[in-house]
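Asker:
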Amino acid sequence: MVRFDDVGLRYGSGPAPEVLRDVSFTLPQGSFHWLLGPSGAGKSSLLGLMHLALRPSRGEVEVLGQPLSRLRRGALPGLRRRIGVVYQDFRLLPHLTVFDNVALPMRIAGRAEAQLRADVAEMLRWTGLDGKAGALPATLSGGEQQRVALARAVVTRPALLVADEPTGNLDGAQARRVLALLREMHRLGTTVVVATHAEGLVAEHPAPALRMSEGQLVAHG
Ligand SMILES: Nc1ncnc2c1ncn2[C@@H]1O[C@H](COP(=O)(O)OP(=O)(O)OP(=O)(O)O)[C@@H](O)[C@H]1O
Numbered sequence: 003m004v005r006f007d008d009v010g011l012r013y014g015s016g017p018a019p020e021v022l023r024d025v026s027f028t029l030p031q032g033s034f035h036w037l038l039g040p041s042g043a044g045k046s047s048l049l050g051l052m053h054l055a056l057r058p059s060r061g062e063v064e065v066l067g068q069p070l071s072r073l074r075r076g077a078l079p080g081l082r083r084r085i086g087v088v089y090q091d092f093r094l095l096p097h098l099t100v101f102d103n104v105a106l107p108m109r110i111a112g113r114a115e116a117q118l119r120a121d122v123a124e125m126l127r128w129t130g131l132d133g134k135a136g137a138l139p140a141t142l143s144g145g146e147q148q149r150v151a152l153a154r155a156v157v158t159r160p161a162l163l164v165a166d167e168p169t170g171n172l173d174g175a176q177a178r179r180v181l182a183l184l185r186e187m188h189r190l191g192t193t194v195v196v197a198t199h200a201e202g203l204v205a206e207h208p209a210p211a212l213r214m215s216e217g218q219l220v221a222h223g
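Residue numbers 3 to 223, in my numbering, belong to the letters of the sequence shown in order.
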């Protein structure tokens, strides 16, 4: 479950204006939501709060049942590990192979190498990348890189998956494929939030949406 209660966010200190204002909503565990709104509306900022990269300037953010204001500092890494993130710009590590990029969160979590190999191999099959395990990111197409980013985000089977424009640079077929994988994660029980400008894709996959405008939530349903 994700709950925002009267959340405001301002970057930096001082009198900068809030980029998010009075944002309140609840996403039930296991739900799928689109996050919509024009460029600059605050979608990435909202997702940053959701995956705990940012802290609200006011209000309460509760993620996976944990209100952040009451979270012990030492509990933050463990909570973060239960959240998968697909970044707008992929953020793959260029010197690591596809396999090692996908394995990274499992290695950070201290998983045994034998178990990890099976899970990463399964994830590469699932995303249609099994022939690319040894490739470096720079040798892949945009769609392939996007699928590596997705495989890395879900390999630890996160309870919450947050995706920022995951079909941004993809053609229609690639975009549909990435979306099918996100819907499959949702079917398996993960709470999924997808920020997008791709209204065509949204029309093809009707689901509840959070709609942002100028830092405020203007529709939820
Ligand atoms: N690191 C930052 N420091 C200062 N201001 C920022 C920062 N990141 C975003 N902003 C500002 O916050 C506002 C919301 O930006 P945000 O990236 O959340 O919007 P968005 O809806 O995700 O846009 P897009 O669809 O173009 O990705 C914008 O005015 C932006 O300039």
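Ideal Cβ positions, reconstructed from N, Cα and C, are used throughout, including at glycine.
Sort R57, L48, R179 and G133 by Cα distance to S215 and report the nearest one.
Answerer: Within the sequence shown, numbered from 1, the residue matching residue 215 stands at position 213. Of the candidates R57, L48, R179 and G133, L48 places its Cα closest to the Cα of S215.
Asker: At a cut-off of 7 Å, is V2 close to ligand 1 when judged by its beta-carbon and the heavy atoms of the ligand?
Answerer: Coverage of the chain is limited to positions 3 through 223, which leaves residue 2 absent and any answer about it impossible.
Asker: Apply the 10 Å Cβ neighbour rule to T193 and answer buried if 16 or more other Cβ atoms are within range, or exposed otherwise.
Answerer: If you number the sequence shown from 1, residue 193 lands on position 191. Its Cβ being crowded by 16 or more others within 10 Å, T193 is buried.
Asker: By the 10 Å Cβ neighbour count, where 16 or more other Cβ atoms means buried, how is G39 classified, buried or exposed?
Answerer: Looking up residue 39 in the sequence shown gives position 37. Buried is the call here.
Asker: With hydrogens ignored, establish whether the beta-carbon of S47 is closer than 7 Å to any heavy atom of ligand 1.
Answerer: The sequence position of residue 47 within the sequence shown is 45, counting from 1. S47 Cβ: within cutoff of ligand 1.
Asker: Kindly identify the DSSP beta-bridge partner or partners of S215.
Answerer: Position 213 of the sequence shown, counted from the start, is the residue given in the question as residue 215. Paired residue(s): Q218.
Asker: Are R154 and V104 touching if we call contact CB-CB under 8 Å?
Answerer: For this step, residue 154 is matched to residue 152 along the sequence shown. For this step, residue 104 is matched to residue 102 along the sequence shown. Yes, they are a contact pair.
Asker: For E20, name the three-state secondary structure that DSSP assigns.
Answerer: Here residue 20 corresponds to residue number 18 of the sequence shown, with the count starting at 1. If DSSP states are grouped into helix, strand and coil, E20 belongs with coil.
Asker: Which value, in whole angstroms, describes the spacing of the CA atoms of G76 and Q68?
Answerer: Along the sequence shown, one-based indexing puts residue 76 at 74. Along the sequence shown, one-based indexing puts residue 68 at 66. Taking the straight line joining both Cα atoms gives about 13 Å.
Asker: Give the single residue among V63, V156 and L142 whose Cα lies nearest to the Cα of L106.
Answerer: Residue mapping note: residue 106 aligns to position 104 of the sequence shown, counting from 1. Comparing C-alpha distances from L106 to each of V63, V156 and L142 shows the shortest one belongs to V156.
Asker: Does ligand 1 have a heavy atom nearer than 7 Å to the CB of D43?
Answerer: Working through the sequence shown from its first residue, we reach residue 43 at position 41. For the sequence presented, residue 43 should be read as Ala rather than Asp. Checking every heavy atom of ligand 1 against the Cβ of A43, one is found closer than 7 Å.
Asker: On a CA-only basis, which of G86, G32 and A43 is nearest L54? Give me that one, please.
Answerer: Translated into the one-based positions of the sequence shown, residue 54 becomes position 52. Looking at the Cα atoms, G86 is the closest of the given residues.
Asker: DSSP three-state label for L106, please.
Answerer: Against the sequence shown, residue 106 aligns to sequence position 104. L106 falls in the helix class under three-state DSSP.
Asker: Determine the burial state of R149: buried for a count of at least 16 other Cβ atoms within 10 Å of its Cβ, exposed for fewer.
Answerer: Taking the sequence shown and counting its residues from 1, one reaches residue 149 at position 147. Result: buried.
Asker: Does the segment 18-25 come into contact with the segment 82-96, if we say contact requires no fewer than three beta-carbon pairs (one atom in each stretch) closer than 8 Å?
Answerer: Short answer: they don't touch.
Asker: Please list the terminal residues of the continuous alpha helix (DSSP H) segment that includes R206.
Answerer: As a working note, residue 206 is residue 204 in the sequence shown. As written in the sequence, residue 206 is Glu, which differs from the Arg given in the question. That run of the alpha helix (DSSP H) goes E201 to E206.
Asker: What residue does the alpha helix (DSSP H) around V156 start on, and which one ends it?
Answerer: On the sequence shown, residue 156 is found 154 positions in, with the first residue counted as 1. In the DSSP annotation of this structure, the continuous segment of the alpha helix (DSSP H) that includes V156 starts and ends at G144 to V156.
Asker: Residue range of the alpha helix (DSSP H) that A175 falls in?
Answerer: Stepping through the sequence shown from its first residue, residue 175 is reached at position 173. Looking at the DSSP string, the run of the alpha helix (DSSP H) that includes A175 is G174 to R189.
Asker: Let me know the secondary structure DSSP gives D91 once reduced to three states.
Answerer: For the purposes of this step, residue 91 is taken as the residue at position 89 of the sequence shown. Residue state, collapsed to three classes: coil.
Asker: For M214, is the beta carbon positioned less than 7 Å from some heavy atom of ligand 1?
Answerer: Along the sequence shown, read from residue 1 onward, the residue named residue 214 stands at position 212. M214 Cβ: within cutoff of ligand 1.
Asker: In angstroms with no decimal places, state the Cα-to-Cα distance between D173 and R72.
Answerer: Taking the sequence shown and counting its residues from 1, the one referred to as residue 173 is at position 171. Taking the sequence shown and counting its residues from 1, the one referred to as residue 72 is at position 70. Each residue's Cα considered, the two are about 43 Å apart.
Asker: With DSSP as the reference, label P210 as helix, strand or coil.
Answerer: The sequence position of residue 210 within the sequence shown is 208, counting from 1. In this structure, P210 counts as coil in the three-state DSSP scheme.
Asker: How is the beta strand (DSSP E) around D8 delimited, first residue to last?
Answerer: Translated into the one-based positions of the sequence shown, residue 8 becomes position 6. V4 to L11 is the span of the beta strand (DSSP E), which, as asked, contains D8.
Asker: Measure the CB-CB distance between D166 and Q90 and report whether it falls below 8 Å.
Answerer: Translated into the one-based positions of the sequence shown, residue 166 becomes position 164. Translated into the one-based positions of the sequence shown, residue 90 becomes position 88. Going by C-beta atoms, D166 is nearer than 8 Å to Q90.
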